[in-house]
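In our numbering, the protein residues as written are 83 to 173.
C-beta: ideal position from N, C-alpha, C; glycine also.
Set out below in structure tokens:
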């Protein structure tokens with residue numbers, strides 16, 4: 083369990099989201115790249131065959147939907163035929 087103070091937990095959340103946003107910054111203006119932000123997950127797909135530039139981050143699933151969301155996301159990404167890295171942070 084996360085026993086961090088609300089201030090520190092909020093800071094970790096903001097740090098994690100900042101890193102995710104930096105990871106997809108160039109994607110937003112790059113032809114063939116996409117950024118999907120569902121509010122509880124960010125997927126940056128460069129269109130390149132390289133997991134350095136294809137990133138899943140900022141997952142905020144509930145306990146009730148985590149398994150289904152992870153499975154659906156992994157299946158969707160597998161359908162692209164490209165590798166992705168999934169960043170998991172402390173927040």
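{"query": "Inter-residue Cα distance where the pair is residue 102 and residue 167", "result": "12 Å"}
{"query": "Proximity to residue 134 [Cα-Cα], best of 87, 165 and 161", "result": "165"}
{"query": "Short CB-CB distance (under 9 Å) between residue 134 and chain D", "result": "Given the protein chain composition of this structure (a single chain), no chain D is represented."}
{"query": "Minimum C-alpha distance to residue 148 - residue among 122, 112, 127 and 105", "result": "122"}
{"query": "Buried/exposed call for residue 155, threshold 16 Cβ in 10 Å", "result": "buried"}
{"query": "Rounded Cβ spacing between residue 126 and residue 105 (contact assumed at less than 8 Å)", "result": "6 Å"}
{"query": "Residue 124: first and last residue of the uninterrupted beta strand (DSSP E) it sits in", "result": "124-127"}
{"query": "Residue range of the alpha helix (DSSP H) that includes residue 118", "result": "Here residue 118 belongs to no alpha helix (DSSP H); instead the beta strand (DSSP E) covers 116-119."}
{"query": "Beta-carbon proximity of residue 115 to residue 108, cut-off 9 Å", "result": "yes"}
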